[in-house]
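Visitor:
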Amino acid sequence: MSAQKNTPPNPIDACVRDNLEAFFRDLDGQEPHSMHEMLIKLVEKPLIEIVMREAGGNQSKAAQWLGINRNTLRRKLTDHDL
Numbered sequence: 009m010s011a012q013k014n015t016p017p018n019p020i021d022a023c024v025r026d027n028l029e030a031f032f033r034d035l036d037g038q039e040p041h042s043m044h045e046m047l048i049k050l051v052e053k054p055l056i057e058i059v060m061r062e063a064g065g066n067q068s069k070a071a072q073w074l075g076i077n078r079n080t081l082r083r084k085l086t087d088h089d090l
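In structure tokens, the structure reads:
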């Protein structure tokens, strides 16, 4: 058994889990589609907004913190109208 399974979920994990469970309840038997894309889009915008704020608007620093290329960050900023 890995150590990861023995650690309690952090608040972000719990929030995502709770919201996904509510999402499935709300489907009321309908089958979901494109969930990965939907979730990434929903999480990515606030992630980038907050990281950019915490990095003081410095795109190089924000890209480093996110672990992505600066050009990728610039594209994502445009994609999300940030």
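So for the sequence shown, my numbering puts the first residue at 9; every next one is plus one. Each residue gets a CB set at the ideal place from its N, CA and C atoms; glycine is no exception. These figures come from a predicted structure and were not determined experimentally.
Which of the three DSSP states is assigned to Gln38 in this structure?
Guide: Taking the sequence shown and counting its residues from 1, one reaches residue 38 at position 30. In the structure shown, Gln38 sits in coil (DSSP, three-state: anything other than H, G, I, E or B).
Visitor: How about Ala71 and Arg78: are their beta carbons less than 7 Å apart?
Guide: Numbered from 1 along the sequence shown, position 63 holds the residue referred to as residue 71. Numbered from 1 along the sequence shown, position 70 holds the residue referred to as residue 78. In this structure, Arg78 lies closer than 7 Å to Ala71 by Cβ.
Visitor: By the three-class DSSP mapping on this structure, what secondary structure does Leu28 have?
Guide: In the sequence shown, counting from the first residue as 1, residue 28 sits at position 20. Helix at Leu28.
Visitor: Does the beta-carbon distance from Ile58 to Lys84 come in below 7 Å?
Guide: As a working note, residue 58 is residue 50 in the sequence shown. As a working note, residue 84 is residue 76 in the sequence shown. Contact flag unset, no.
Visitor: Excluding sequence positions up to five away, which residues of its chain have a Cβ less than 8 Å from the Cβ of Glu52?
Guide: Counting from 1 along the sequence shown, the entry for residue 52 is found at position 44. Correct list, in chain order: Lys84 and His88.
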